[in-house]
Amino acid sequence: QVQLVESGGGLVQAGGSLKLSCAVSGSTFSINAIGWFRQAPGKQREYVAVINGCGTTNYADSVKGRFTISNDNAKNTAHLQMNSLKPEDTAVYYCYADRGLGPQFRLWGQGTQVTVSS
């Protein structure tokens, strides 16, 4: 079993920074990518960023240049460094881990709230 636990959310002023963490436990050898989605009130969940086992990263256009995803393999923890935060970044941020191709292989964390005040 693989479990994901997010941390690091909170309240920050516009222009500030937060660092989210996603601690992964269990059978981590099967994971080939870890990423983040977010969901704002009344909106659909949207993709934010992903990092694969080779360290290749990808970002949504809305966060490119402001957010950085990284993976600390020694600690089985992924991080999302968020800089220059905007009020529109306010959302619940969900970490996910892929153990294969297809939604049936995707595991989710419980989410962490990020609120950016103007």
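This note's numbering numbers the first residue of the sequence shown as 316 and each following residue consecutively. The beta-carbon is built from N, C-alpha and C at its ideal position, and this holds for glycine as well.
Residue i to residue j span [Cα, whole Å]
{"i": "ARG421", "j": "SER340", "result": "15 Å"}
{"i": "ILE366", "j": "GLN428", "result": "21 Å"}
{"i": "ASN347", "j": "GLY417", "result": "12 Å"}
{"i": "ALA412", "j": "SER433", "result": "32 Å"}
Supposed close pair residue i, residue j - CB separation, criterion 8 Å
{"i": "VAL327", "j": "LEU335", "result": "About 12 Å separates the two Cβ atoms, so there is no contact after all."}
{"i": "LEU400", "j": "GLY324", "result": "About 12 Å separates the two Cβ atoms, so there is no contact after all."}
Residue environment, residue i, which counts as buried when at least 16 other CB atoms sit within 10 Å
{"i": "GLY350", "result": "buried"}
{"i": "ARG321", "result": "The sequence shown places Glu at residue 321, not Arg. Buried: at least 16 other Cβ atoms inside 10 Å."}
{"i": "CYS337", "result": "buried"}
{"i": "THR343", "result": "exposed"}
Under 8 Å between C-beta atoms of residue i and residue j
{"i": "ALA355", "j": "ALA406", "result": "yes"}
Extent of the continuous beta strand (DSSP E) to which residue i belongs
{"i": "ARG353", "result": "348 to 354"}
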